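First up is the structure itself, then whatever we jot down about it.
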Amino acid sequence: MRGTDIRRLVTESASGEHRFVRWWRKENDFLDYDLVDRFLERLSSDEEIGGVELLTMKDMVEEVKRITGERLTIRHGESGDTVEWVHGGKGGGRTEVCFLTPETLLTIYDVETHGNPIG
Numbered sequence: 106m107r108g109t110d111i112r113r114l115v116t117e118s119a120s121g122e123h124r125f126v127r128w129w130r131k132e133n134d135f136l137d138y139d140l141v142d143r144f145l146e147r148l149s150s151d152e153e154i155g156g157v158e159l160l161t162m163k164d165m166v167e168e169v170k171r172i173t174g175e176r177l178t179i180r181h182g183e184s185g186d187t188v189e190w191v192h193g194g195k196g197g198g199r200t201e202v203c204f205l206t207p208e209t210l211l212t213i214y215d216v217e218t219h220g221n222p223i224g
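Offset between the sequence shown (1-based) and the working numbering: plus 105.
Encoded structure:
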């Protein structure tokens, strides 16, 4: 599919709940995730893409949990939902607590996959 077809598909199919897009190349050798708006912004009309799938926050939380396992916890509080993420660092494991946002989920995913998404 060309970029113009993908843009039309995403624009027509996305609801207010869809915050993410999972996309892959036509060769099926690359899979990545992005925010819907950012994906559309970077998409060129002549770019060839194998396909896309729209995801909600719940879908992306499940994907990030699949990658992080027990090291990711979602906490629901009066001031908003947070993510508690335990990850390795140069000095050993440390815990980060951040508000649950689409950007936070993508950052965690990118760090966990070292920028090389896996299928």
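Cβ coordinates follow ideal geometry from the N, Cα and C atoms, glycine included. This one's a predicted model, so the numbers in the text were calculated from it and none came from an experiment.
* **Inter-stretch contact (C-beta, 8 Å, three-pair minimum) for the stretch 172-182 and the stretch 132-148** => no
* What separation, rounded to the nearest whole angstrom, lies between the Cα atoms of G172 and M106? -> Residue identity differs from the one stated: residue 172 is Ile in this sequence, not Gly. Distance between the alpha carbons of I172 and M106 is about 28 Å.
* Based on the DSSP secondary-structure assignment, which residues constitute the bridge partners of V141? -> None; V141 has no bridge partner.
* **Simplified DSSP assignment, three categories, for E167** => helix
* Asked: What span of residues does the alpha helix (DSSP H) with R112 cover, start to end?
  -> 108-118
* Asked: Leaving out five residues before and five after A119 in sequence, what residues of the same chain have Cβ atoms less than 7 Å from its Cβ?
  -> V141, L159
* Helix, strand or coil at F185 according to DSSP, with G and I counted as helix -> The sequence shown places Gly at residue 185, not Phe. Strand.
* So, does the CB of W190 fall closer than 9 Å to a CB anywhere in chain B? -> No chain B appears in the structure shown, which is made up of a single protein chain.
* Measure the beta-carbon distance from W128 to F144 and round it to whole angstroms, keeping in mind my assumption that it falls under 8 Å. => 7 Å
* **Beta-carbon contacts of K131 that lie in its chain and below 6 Å, excluding the five residues immediately before and after** => Only E153, G155 meet the Cβ criterion.
* **7 Å Cβ shell around S149 - same chain, five flanking residues per side excluded** => G108
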